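S.K.: As you go down the protein sequences, you meet chains A and G in turn.
The first sequence runs 1 to 218 under this note's numbering.
The second sequence runs 1001 to 1218 under this note's numbering.
2 protein chains.
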Amino acid sequence: MGIAERKERQRAELREQILAAARRIVTEEGFDALTMRKIADAIEYSAATIYLYFENREAIGLQLCHESFEHLVSYMAPAVQVADPLGRLLAIGRSYARFGIENPAEYRLLFMTHSSFLEALFAAEREHPDPDDPGERAFQFVVDAVRVAGASGKLATDDPELIAEMLWSGVHGVVSLAITCKAALVSSVEDLAETMCRTLVRGISASGDVTLGSRSTS
Amino acid sequence: MGIAERKERQRAELREQILAAARRIVTEEGFDALTMRKIADAIEYSAATIYLYFENREAIGLQLCHESFEHLVSYMAPAVQVADPLGRLLAIGRSYARFGIENPAEYRLLFMTHSSFLEALFAAEREHPDPDDPGERAFQFVVDAVRVAGASGKLATDDPELIAEMLWSGVHGVVSLAITCKAALVSSVEDLAETMCRTLVRGISASGDVTLGSRSTS
DNA sequence: GTCTATAAATCGATAGAC
DNA sequence: GTCTATCGATTTATAGAC
Chain A
1 MGIAERKERQ RAELREQILA AARRIVTEEG FDALTMRKIA DAIEYSAATI
51 YLYFENREAI GLQLCHESFE HLVSYMAPAV QVADPLGRLL AIGRSYARFG
101 IENPAEYRLL FMTHSSFLEA LFAAEREHPD PDDPGERAFQ FVVDAVRVAG
151 ASGKLATDDP ELIAEMLWSG VHGVVSLAIT CKAALVSSVE DLAETMCRTL
201 VRGISASGDV TLGSRSTS
Chain G
1001 MGIAERKERQ RAELREQILA AARRIVTEEG FDALTMRKIA DAIEYSAATI
1051 YLYFENREAI GLQLCHESFE HLVSYMAPAV QVADPLGRLL AIGRSYARFG
1101 IENPAEYRLL FMTHSSFLEA LFAAEREHPD PDDPGERAFQ FVVDAVRVAG
1151 ASGKLATDDP ELIAEMLWSG VHGVVSLAIT CKAALVSSVE DLAETMCRTL
1201 VRGISASGDV TLGSRSTS
């Protein structure tokens, strides 16, 4: 069966080449600039060949989203090492912001693109719930951390989903505003993100005064 | 000179018709869907005629932005009637969110479109600073309210621009997330916006505990 | 001032030869 | 498995007739 295996391996390789080229284009020029022709030029195949590996342009975008969610999770995962519940929430917010700041093109693809992708991802998730799905893991990660904080009695209110989504919204606001209209901001994105994370955690904590770790605690 | 005046009037009227049609298309289908042909069909002129009134598609978009900033200011302006500094910040946040929720297409055009517009607006503002510019007024409005709160000694920290931009980012995050990926949110936009405004104001207030008006105080 | 007609450039996707 | 060739539909913007 050596021949069949080689063929399968070569097929997988070309598929990876297509994804790598697509990712580079999206990173450099944004998703709107991703065309089948550009991918074809990059991998030195004809555009028609790509359709033998992906159903269409959308399918390539979805695969890129999955990989970027993995990337995002890799940023946030270390935050579980922070024992203090509020400190962990702070660490999650900081790492999420850092992902967006350091990977603006990926961030834009995941959270700022016209509904289609996220909606497609959520629709797919509802059809076949998969706890291993990177996107699902990313969301659950934040909700779990809020639950832990709630159970420790350190939160002023008790609605994990609402608080998780508010925290997400706050950091998302900083990152997306910085991406969309950096020229409008006087403050640096880093200062803005840090201030946002600290203010939100302070705002949800049961005691008005919280001891927040140093900024480098990310 | 009656003839010249009638011509001028008719010219201004057609210009308004073009803008009205453009705004309707943007509102219903988004800015990406705005094409010269669609405008032409709507006003029952040929597409070529539009170029006699606007340099290009971008110029139409810029004019729509100016008008939408006016619209946004009209939402926020009543907040000055709230005497309490923190209450006023809360009212501004609520009214900003309400603008975004009630006018998603305008909001998307102003703050979620590919940098070009806001950057062009800010570039123009830097060239010819104009305190009457609607966009400038909207931003100054928030900064002023933060300054008032700071002067009253009710804020924990003292950096008006940073705090203003953080408040802006927070509410922007809620609105933009709701627009981009509503399917991802369990909570309602209204609850999310209200929680965000209250949490942020609580988080920046000098005393950890703040008396916040009822939700209907918008 | 307004039109028709069209240039010039894209794009996604497919049919069919090899 | 890959290619060439092309369809069919877009778009912005302009040239030139009326």
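Just so you know, even glycine gets a beta-carbon here, dropped at the ideal spot from N, CA and C.
It should be emphasised that the depicted structure is a prediction, and the values quoted were computed from it without experimental measurement.
1) How about L86 (chain A) and A156 (chain A): are their beta carbons less than 7 Å apart?
2) Where DSSP assigns a beta bridge to L155 (chain A), which residues make up the other side?
3) Enumerate in chain order the residues of its own chain whose CB-to-CB distance from S1046 (chain G) is below 6 Å, with the five nearest sequence positions on each side excluded.
4) If you drop the 5 nearest sequence neighbours on each side, which residues of the same chain put their C-beta closer than 6 Å to that of I60 (chain A)?
5) Roughly how many angstroms separate the alpha carbons of S187 (chain A) and E1125 (chain G), rounded to a whole number?
6) Alpha helix (DSSP H) containing F1099 (chain G): first to last residue?
7) Looking only at C-alpha atoms, which of G:K1007, G:E1070, G:L1090 and G:I1204 sits nearest to A1079 (chain G)?
8) Looking at the unbroken alpha helix (DSSP H) that takes in L1064 (chain G), where does it start and where does it end?
9) Would you tell me roughly how many angstroms separate the C-alpha atoms of S205 (chain A) and E119 (chain A), rounded to the nearest one?
10) Taking Y1171 (chain G) as part of the alpha helix (DSSP H), name the residues at either end of that continuous run.
11) Mind checking L127 (chain A): buried by the 16 CB within 10 Å criterion, or exposed?
12) Is it the case that the region 152-166 of chain A contacts the region 93-105 of chain A, given that we only count it when at least three CB pairs across the two stretches are under 8 Å?
13) Indicate the three-state DSSP secondary structure (helix, strand or coil) for G30 (chain A) in the structure shown.
14) If the cut is a Cβ gap below 8 Å, which residues of chain G does L89 (chain A) touch?
15) In the DSSP assignment, the alpha helix (DSSP H) including D132 (chain A) goes from what residue to what residue?
16) Express the C-alpha separation of R202 (chain A) and I92 (chain A) in angstroms, rounding to a whole number.
17) Following the continuous alpha helix (DSSP H) through T49 (chain A), name the residue where it begins and the one where it ends.
18) With respect to the alpha helix (DSSP H) encompassing R1037 (chain G), which residues constitute its N-terminal and C-terminal limits?
19) Is S218 (chain A) close to chain G, meaning its C-beta is less than 7 Å from at least one C-beta of that chain?
20) Using a Cβ-Cβ cutoff of 7 Å, what residues of the region 173-193 of chain A are near chain G? List them in chain order.
21) Taking contact to mean 3 or more Cβ pairs, one atom from each stretch, closer than 8 Å, check whether the region 1060-1074 of chain G and the region 1166-1180 of chain G are in contact.
22) Hey, is Y1096 (chain G) close to the ligand GTP, as in C-beta under 6 Å from one of its heavy atoms?
23) Using a Cβ cut-off of 7 Å (strictly closer), state whether T1199 (chain G) contacts chain A.
24) Is the beta carbon of S1207 (chain G) less than 7 Å from the beta carbon of M1112 (chain G)?
25) By a C-beta neighbour count over all protein chains shown, 10 Å radius and 16 as the cutoff for buried, is S152 (chain A) buried or exposed?
26) Given a threshold of 16 other Cβ atoms within 10 Å of its Cβ, counted over all protein chains shown, does H172 (chain A) qualify as buried or as exposed?
27) What would DSSP say about F224 (chain A), mapped onto helix, strand or coil?
28) Which residues in chain G sit within 7 Å of I204 (chain A), going by Cβ to Cβ distance?
29) Under 7 Å, do I179 (chain A) and R108 (chain A) count as touching if we go by C-beta distance?
30) Please go through the same chain and pick out, in chain order, the residues whose beta-carbon is closer than 8 Å to the beta-carbon of S218 (chain A), but skip the five residues on each side of it.
31) In this structure, does DSSP put F141 (chain A) in helix, strand or coil?
32) Looking only at its chain, what residues have a beta carbon closer than 6 Å to the beta carbon of S1216 (chain G), apart from the 5 residues adjacent to it on each side?
33) Which of the three DSSP states is assigned to F1054 (chain G) in this structure?
34) May I ask you to list, following chain order, the residues of the region 43-63 of chain A that have a beta carbon less than 7 Å from some beta carbon of chain G?
35) Beta carbon of I25 (chain A), beta carbon of K38 (chain A): below 7 Å?
M.R.: With the given structure in hand:
1) As a working mapping, residue 86 (chain A) is identified with position 86 in the first sequence. As a working mapping, residue 156 (chain A) is identified with position 156 in the first sequence. Taking 7 Å as the Cβ cut-off, L86 (chain A) and A156 (chain A) do not qualify as a contacting pair.
2) By one-based count along the first sequence, residue 155 (chain A) stands at place 155. Paired residues: A:S205.
3) Locating residue 1046 (chain G) in the second sequence gives position 46, counting from the first residue. Excluding residues within five positions, the ones whose Cβ falls inside 6 Å are A1040.
4) By 1-based counting over the first sequence, the position of residue 60 (chain A) is 60. Within the same chain, I60 (chain A) has close Cβ partners A22 and F54.
5) Counting from 1 along the first sequence, the entry for residue 187 (chain A) is found at position 187. Counting from 1 along the second sequence, the entry for residue 1125 (chain G) is found at position 125. Taking the straight line from one Cα to the other gives about 18 Å.
6) Numbered from its first residue, the second sequence carries residue 1099 (chain G) at position 99. Where F1099 (chain G) is concerned, the enclosing alpha helix (DSSP H) stretches over P1085 to E1102.
7) Here residue 1079 (chain G) is taken as the residue at index 79 of the second sequence, counted from 1. Closest option to A1079 (chain G), Cα to Cα, is G:L1090.
8) Taking the first residue of the second sequence as 1, we reach residue 1064 (chain G) at position 64. Its alpha helix (DSSP H) spans residues R1057 to M1076.
9) Looking up residue 205 (chain A) in the first sequence gives position 205. Looking up residue 119 (chain A) in the first sequence gives position 119. Between S205 (chain A) and E119 (chain A), the C-alpha separation is close to 32 Å.
10) Reading the second sequence from its first residue, position 171 is the one you call residue 1171 (chain G). Correcting the residue identity first, residue 1171 (chain G) is Val in this sequence and not Tyr. That run of the alpha helix (DSSP H) goes P1160 to T1180.
11) Stepping through the first sequence from its first residue, residue 127 (chain A) is reached at position 127. At residue 127 (chain A) the sequence reads Glu, which differs from the Leu that was named. Exposure of E127 (chain A) is indicated by the presence of fewer than 16 other C-beta atoms within 10 angstroms of its C-beta.
12) no
13) Working through the first sequence from its first residue, we reach residue 30 (chain A) at position 30. In this structure, G30 (chain A) counts as coil in the three-state DSSP scheme.
14) If you number the first sequence from 1, residue 89 (chain A) lands on position 89. Simply none; closest approach about 12 Å.
15) What you label residue 132 (chain A) is simply residue 132 of the first sequence in a count that begins at 1. Neither: D132 (chain A) is in no alpha helix (DSSP H) and is coded neither H nor E.
16) Against the first sequence, residue 92 (chain A) aligns to sequence position 92. Against the first sequence, residue 202 (chain A) aligns to sequence position 202. So the two alpha carbons sit approximately 15 Å from each other.
17) Locating residue 49 (chain A) in the first sequence gives position 49, counting from the first residue. That run of the alpha helix (DSSP H) goes A47 to I50.
18) By one-based count along the second sequence, residue 1037 (chain G) stands at place 37. Counting along the chain, the alpha helix (DSSP H) containing R1037 (chain G) begins and ends at M1036 to I1043.
19) Working through the first sequence from its first residue, we reach residue 218 (chain A) at position 218. In this prediction, S218 (chain A) scores a pLDDT of 39, lower than 50, which makes its location untrustworthy; no coordinate-derived value is stated.
20) G173, V174, S176, L177, T180, C181, A183, A184, L185, V186, S187, D191 and L192
21) no
22) Annotation note on the ligand GTP: not contained in the displayed structure, which lists no ligands.
23) Translated into the one-based positions of the second sequence, residue 1199 (chain G) becomes position 199. Output row for T1199 (chain G): interface = yes.
24) Translated into the one-based positions of the second sequence, residue 1207 (chain G) becomes position 207. Translated into the one-based positions of the second sequence, residue 1112 (chain G) becomes position 112. By the CB criterion at 7 Å, S1207 (chain G) and M1112 (chain G) fall outside the cutoff.
25) Stepping through the first sequence from its first residue, residue 152 (chain A) is reached at position 152. Exposed: under 16 other Cβ atoms inside 10 Å.
26) Position 172 of the first sequence, counting from 1, holds the residue named residue 172 (chain A). Buried is the label assigned to H172 (chain A), since at least 16 other Cβ atoms lie within 10 Å of its Cβ.
27) Here chain A has residues from 1 to 218 only, and residue 224 (chain A) is not among them.
28) The residue given as residue 204 (chain A) occupies position 204 in the first sequence. Near I204 (chain A) (Cβ distances below 7 Å), the residues of chain G are T1199.
29) The count along the first sequence starts at 1 and reaches residue 179 (chain A) at position 179. The count along the first sequence starts at 1 and reaches residue 108 (chain A) at position 108. Yes, Cβ-Cβ distance for I179 (chain A) and R108 (chain A) is below 7 Å.
30) Working through the first sequence from its first residue, we reach residue 218 (chain A) at position 218. Low local confidence applies: a pLDDT of 39 at S218 (chain A) is under 50, so the model's placement there is unreliable, with the coordinate-based value given in what follows. Here the set comprises A91, R94, S95 and R98.
31) For this step, residue 141 (chain A) is matched to residue 141 along the first sequence. The answer is helix: DSSP assigns F141 (chain A) an H, G or I state.
32) Here residue 1216 (chain G) refers to the residue found at position 216 of the second sequence. Caution applies to S1216 (chain G), whose pLDDT of 46 falls short of 50 and renders its modelled position unreliable; the model cannot decide the point.
33) In the second sequence, residue 1054 (chain G) corresponds to position 54, counting from 1. F1054 (chain G): coil per DSSP, three-state reduction.
34) none
35) The residue labelled residue 25 (chain A) in the question sits at position 25 within the first sequence. The residue labelled residue 38 (chain A) in the question sits at position 38 within the first sequence. When the beta-carbon positions are compared, I25 (chain A) and K38 (chain A) come within less than 7 Å of each other.
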